[in-house]
Structure formats: structure tokens, C-alpha cells
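Protein chains in written order, with this note's numbering: chain A, 4 to 210; chain B, 947 to 1249. We put the beta carbon where it would ideally sit given N, CA and C, even for glycine.
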Amino acid sequence: MKRSTLYSMLVAVVISTAPMLVAAAKVGQAAPDFTATASNGKTFRLSDNRGKYIVLEWHNNGCPYVGKHYKSGNMQRLQKQWTGQSVVWFTIISSAPGKQGYVTASEENEYLTKMQAAPTAALLDPTGEIGHLYDAKTSPQMIVINPQGIVIYDGAIDDKPTTDLSDISGATNYVNLALKQAMAGKQVEAPATRPYGCSVKYSDSSH
Amino acid sequence: MRGCESSRRFFPALAFLAALLLCAAGAQASGSPIPHGTLELIAENQWISIGHPFYLGLHFQLERGWHIYWVNPGDSGEPPRVTWQLPPGLSPGVIKWPAPRRLGTSSIVDFGYEDAVTLIVPVHAEISLAAQPLARLGAEIRVLVCSEMCIPAKTQLSLTLPIKSRRPAPDVRTRELFAAARKDLPRPAPQNWKFSADDAKDSFVLTANLGARITQATFFPLAEAQIDNAAPHILQPMPSGFRLTLRKSDRLLKPIARLKGVLVLSGNHAYLIDAPVSKLGAQKNNSSSGIPEIQSLREGPQK
């Protein structure tokens, strides 16, 4: 009896610390694999895209920082530019049901059409599993993975942490910088930055 | 102002009306609306005295559950930014940031202010300034107001004050707000306090020698992406201070030479600290005490 109590205590300890033990994505390390359902109904597995550059974009359609990059057409331009060069682009929505930015598959499909967005797919992550796996803090947080499956960039979309559309033209876009430098065989100059924006609306984000 | 709020909560009907009238009568020029709150540009003195520095203030009053951000906003958000429009001869300094609070959730932690806060700004008034009956002081403020979700706002505020050669005289209407703002400013740590930080692989261990055992301490890093904001800070009380283990941010890819921030001890006493960082095991004989100016601690361009 005593032994089983001890055992269950141990199990409880292991379970309660489990989230800390899961290795979140880190620059220079292997991108954790995941499988997700996209708004178009297809299933995507990250590791199926080995051999290609991959961009992960955290999205929340109610966030003014995301709005800055979609209303200006900046995000769509980046999506078209890079998917046109065989880069895989996943828009990821980690808002929990009832939280800002949560969408059903059909709502997301309508949004993609309306905004003329062009990611490879929009992945639905209502449990926040992928978000936590990558320790995504904000929308729009951006991650770039190289063809060997290593995270080569994690952070902000650019160096102007504001909601002003007028700041886009003068900004240094970190995703462009990382992709261009990596594709040219160079060291990525700014591999990690503070990912500005709105907090990701996980299920634990009640205030 | 806070008193007005609590009266509204506790007294119904008539008392509420009376309180409302009192509040209205007691209030200074009312603030301009911002999302879920108001913002007012205030001056500490009745007039600008030629050759005498003075303070302006941005007084934010927020609805319950809404907040704005500190100079380092933490994991998300953005600090308020001001563009001053002042007459020639008046030059604004930088915002004096009161110690913030930890806000957010278990996985995302921000630093900011709830309820009400006054951000004060020193202004230099040149000796060559000409006296005039009404000088207009303007400010364009960009501010992000958040609860769980965020609303950005841009507001234009202004204030008119005479410029005189007479000595400055405090404005009784704003005296309390400025006094409260100053009380919350982090102050230089006493000379005899010593701080040092060890770079211990995944963490920084901040050791404080304050001459007394400390059981409560919160550290707010001035630089972004040095500390993992959401990770618990592990405090170990010591006979002459404390040891605080701060997990490094995953985004910190290079070693840092100094750990700068605001330390809040029990009773909300806040101090500026600037600790040299040494590799664990390396000799550490250059510990330092607090330093006076918050802005000199902040890295990167200030806008």
C-alpha cells in the first residue's frame, strides 16, 4: 500500500513536470516534429518536408500586429515570394476555442480567400500543442527551418515592433534575411529575436 | 481617482451619484479617452520657469482588467511611445518608468501596469527661453492597451502653461499624482549592497549581498530576450541577502557581460541593479551596486 502510494506520487511528479521536460524548439537544434490538420482538410507532417526550407507563422486574425502585416499585404507577399521558391509555409493558429483568433476550418478558408493569403497550408492547433512545442509566445512569431530540419530562425517578423502599417517599408524583415542568407550558404545574421505581437491565446490564457 | 473607483463599487444609487459629483468636482482637466481608459498630460508646476527643469506626466487610468506595458514589455506587447511637440528651448528627457508588475499566464509573462500609472518625464527649460503667457505643450502618444486581447491607440494631447521668469510653484492639483509616481520609481541600490551574477549554463544566478536575509524578491530584466520571463524565479534566502536563479531565454545565444534590471523587494521597494556576469567558477571580484539612471541601463535604440 505504502509502495503504491509512493509510486503514484512519483507518477504525479513526473506528470506535473512533464511540460518542462519536453524540449521546445531552439535555434540550432532539430525542429520538433508534429502532425496537424489543415483548414483544407489535409494532414501535414513537418518531417515529410525534409529537404525543403519551412516557414512557420503564428497567426491570430484579431491581433492588430497580425493585421498590420495582412492589411498591408506584406505577409501575403512573403508567402507568395517564398512558396514560389519551393519554401513550405505553414500558417499556424494556436488560439483555443472561445479565444481571440480561434477559427473553424471553413472560417479560416474564407479568411485565406478574402485576404488572398498564400501559405502552403493553414494548420489548426486549437489544443496549442504545436504552439507549446515551439514555445510560440506571440502572433506573428516566425520560425524558419532549414532542409536538414534544423531551426535557423526564431523570433519577430521584422525589426519594427509596432502596429503601424507605415513601419513596414523601412523595416528589416528577419524571415527574408534568414532565408536569403541560409540559401546563399551564409551564417544567419540574426537567428533569434524577441517575437513581438499579441500573446498566443492558449487555453491557459485566461487573465 | 482610485478613491472614486472604489466608492462606485461600494455604494449604490444616491451615494454613487454623490460620489460621482465629488469625483467630477475633484478631478482636474479630464483625461482624453483611450481604449478602456483615459490618458491625461499633466504638469507638476503652475508655470514653466525659465532655466528651471520641470516634470510633465502622462497619467493613465485604466478599466479593471486592462493594462499597458513597461519599457521591457516581456513576452508580448509594446511600451507606450511619446513624440513631443514642445516650443523651442524646451527639451524633453526620457520616461522615468515605475517598477512594473508581472502580468500574463503560466506560459506567457508580460511586464506592465494595471489600474492607474503616471509616467513622468523631465523637461529642460533653457535660460534663453522667452516669457510668454500661454505656451502650448503637445504630445502624440502611441499606446497598446491590453486585457487578454490588445487594442493599439494613437492620441494627441496638449497642455498650455505660461512661461515666466519667476521661480517655479507646484500645482496642487497634480501634486499627489507626481508624488505617487516618484514613490513607485526604482531608486539606486544603496552603495553597500553588492550584486553579482553567475552564468550557469541554462540560468543566471543572481547573488545579492544586502546585509540582511531576504525572503521576497522579484527581478525585472531591462533587456529583452535575456531571461525566460515565464519560468519561475527560484529564490534562495541567504543570511546576508539572497540568491535568485533566473532561467535564460532560449533566444539568448551570446554571453552577456552585465545583468541589468529592477529588483522589487517586500513592501514594493524597487531598486535599479546592474550586476556583472561571470562564468560559474570564474573569479568574481568585481561585484557592483546599483546605478542611478534607468535609461542608461536600457540596451538598443530608444524611440
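Would you kindly work out how many angstroms separate the C-alpha atoms of residue i and residue j, rounded to a whole number?
i	j	result
Asp1145 of chain B	Thr86 of chain A	41 Å
Tyr205 of chain A	Ser142 of chain A	12 Å
Tyr68 of chain A	Ile1041 of chain B	24 Å
Gly1020 of chain B	His1179 of chain B	15 Å
Ala120 of chain A	Ile171 of chain A	18 Å
Val178 of chain A	Lys83 of chain A	13 Å
Pro1038 of chain B	Ser1212 of chain B	33 Å
Asn1175 of chain B	Leu1199 of chain B	16 Å
Ser978 of chain B	Ala1221 of chain B	41 Å
Pro1034 of chain B	Gln1078 of chain B	12 Å
Asn1155 of chain B	Ser1186 of chain B	6 Å
Cys969 of chain B	Val1210 of chain B	Low local confidence applies: a pLDDT of 39 at Cys969 of chain B is under 50, so the model's placement there is unreliable, with the coordinate-based value given in what follows. If I take the Cα positions, the gap works out to 32 Å.
Pro896 of chain B	Leu1218 of chain B	Outside the modelled stretch of chain B, which goes from 947 to 1249, sits residue 896 of chain B, for which no answer is possible.
Gly1058 of chain B	Lys163 of chain A	20 Å
Gly76 of chain A	Asp51 of chain A	29 Å
Cys1096 of chain B	Glu192 of chain A	31 Å
Leu967 of chain B	Ala1125 of chain B	Confidence at Leu967 of chain B is low in this model, with a pLDDT of 42, below 50, so the placement of that residue is unreliable and no value is reported for it.
Thr1029 of chain B	Tyr73 of chain A	27 Å
Cys201 of chain A	Gly997 of chain B	43 Å
Lys45 of chain A	Val91 of chain A	15 Å
Gln32 of chain A	Leu182 of chain A	17 Å
What residues from chain B crowd round residue i, counting only those whose CB sits closer than 7 Å?
i	result
Lys140 of chain A	Asp1021, Ser1022 and Ile1054
His72 of chain A	Chain B residues near His72 of chain A: none, gap ~14 Å exceeds 7 Å.
In chain order, what residues of the same chain lie with their CB nearer than 6 Å to the CB of residue i, ignoring the 5 residues before and after it?
i	result
Ala1127 of chain B	Thr1064 and Ile1066
Pro100 of chain A	Pro129
Gly65 of chain A	Gln103 and Gly104
Gly1050 of chain B	Asp1056
Gln144 of chain A	Trp61 and Pro198
Leu987 of chain B	Ala1085, Leu1103 and Leu1105
Ala1158 of chain B	none
Arg1088 of chain B	Arg1027 and Lys1100
Gln1031 of chain B	Gly1084
Leu180 of chain A	none
Pro1132 of chain B	Ala1045, Val1208, Ala1216, Tyr1217 and Leu1218
Ala973 of chain B	For Ala973 of chain B, the pLDDT reaches just 39, beneath the cut-off of 50, and the residue's location in the model is therefore unreliable, although a value from the coordinates is still provided. If we look at Ala973 of chain B and ignore the five residues flanking it on each side, it has no Cβ neighbours.
Gln992 of chain B	Ala1115 and Asp1117
Take residue i and list the residues in its own chain whose beta-carbon comes closer than 8 Å to its own, dropping the five residues that flank it on each side.
i	result
Val30 of chain A	Val154, Ile155, Tyr156, Asp157, Pro194 and Ala195
Val1151 of chain B	Ala1143, Asp1144, Arg1189, Leu1190, Thr1191, Leu1192 and Leu1226
Gln190 of chain A	Gln184
Ser1149 of chain B	Thr1191, Leu1192, Arg1193 and Lys1194
Glu1009 of chain B	His982 and Gly983
Ala989 of chain B	Phe1000, Tyr1001, Leu1002, Gly1003, Leu1083, Leu1105, Leu1107, Asp1117 and Thr1120
Leu1123 of chain B	Ile988, Gly1003, His1005 and Thr1064
Candidates the options: which alpha carbon is nearest residue i's?
i	options	result
Asn43 of chain A	A:Phe93, A:His135, A:Cys201 and A:Asp207	A:Phe93
Leu168 of chain A	A:Ala28, A:Arg53, A:Lys71 and A:Thr38	A:Lys71
Tyr56 of chain A	A:Ser109, A:Ala139, A:Asn149 and A:Ala174	A:Asn149
Ile1202 of chain B	B:Ser1111, B:Pro1026, B:Lys1225 and B:Phe1188	B:Lys1225
Ala28 of chain A	A:Asp51, A:Cys201, A:His135 and A:Val191	A:His135
Val203 of chain A	B:Ser1052, B:Val1223 and B:Gly1035	B:Ser1052
Arg80 of chain A	A:Pro122, A:Thr40, A:Ala39 and A:Asn112	A:Pro122
Phe47 of chain A	A:Thr38, A:Leu180 and A:Asn77	A:Thr38
Leu115 of chain A	A:Pro164, A:Asn63 and A:Gln151	A:Asn63
Met186 of chain A	A:Lys74, A:Ser89, A:Thr175 and A:Ile160	A:Ser89
Asp161 of chain A	A:Ile95, A:Met78 and A:Asp36	A:Met78
Ala1177 of chain B	B:Leu1004, B:Gly997 and B:Arg1048	B:Arg1048
Val1069 of chain B	B:Glu1060, B:Leu1090, B:Val1091 and B:Leu1036	B:Leu1036
Ala1298 of chain B	B:Val1091, B:Pro1136, B:Arg1113 and B:Met1184	Residue 1298 of chain B lies beyond the stretch modelled for chain B, which goes from 947 to 1249, so this question has no answer here.
Could you tell me which chain A residues have their CB closer than 7 Å to the CB of residue i, listed as they occur along the chain?
i	result
Pro1098 of chain B	Pro67 and Thr166
Glu1060 of chain B	Per Cβ cutoff of 7 Å: no residues; Glu1060 of chain B is ~10 Å from chain A at best.
Determine the chain B residues that contact residue i at a beta-carbon separation under 8 Å, and present them in chain order.
i	result
Ala174 of chain A	Under the 8 Å cutoff, chain B gives no residues; its nearest Cβ is about 13 Å from Ala174 of chain A.
Lys29 of chain A	Asp1196
Gln1 of chain A	Lying outside 4 to 210, the shown extent of chain A, residue 1 of chain A is not represented and no answer is given.
Asp157 of chain A	Asp1196 and Arg1197
Tyr205 of chain A	Thr1051, Ser1053 and Ile1054
Tyr199 of chain A	Ser1022 and Glu1024
How would you list, in chain order, the residues of chain B whose beta-carbon sits under 9 Å from the beta-carbon of residue i?
i	result
Ala195 of chain A	Ala1171, Ser1195, Asp1196, Arg1197, Leu1198 and Leu1199
His135 of chain A	Ser1053
Once you ignore the five residues that flank residue i on each side, which residues in its own chain have a CB closer than 7 Å to its CB?
i	result
Gly131 of chain A	Ser97, Ala99, Tyr205 and Ser206
Phe1165 of chain B	Leu1152, His1179, Leu1190, Leu1192, Gly1207 and Leu1209
Gln1007 of chain B	Met947, Gly977, Gly983, Thr984 and Ala1062
Along chain A, in chain order, which residues have C-beta atoms closer than 9 Å to that of residue i?
i	result
Met1184 of chain B	Residues of chain A passing the Cβ test: none, with the nearest at roughly 26 Å.
Could you check how far apart the C-beta atoms of residue i and residue j are, in whole angstroms? I think they sit under 8 Å.
i	j	result
Ala1163 of chain B	Leu1181 of chain B	6 Å
Ala108 of chain A	Leu127 of chain A	6 Å
Ala1081 of chain B	Ile994 of chain B	7 Å
Ser1022 of chain B	Ile1054 of chain B	6 Å
Ala1171 of chain B	Arg1197 of chain B	4 Å
Ala125 of chain A	Ala41 of chain A	6 Å
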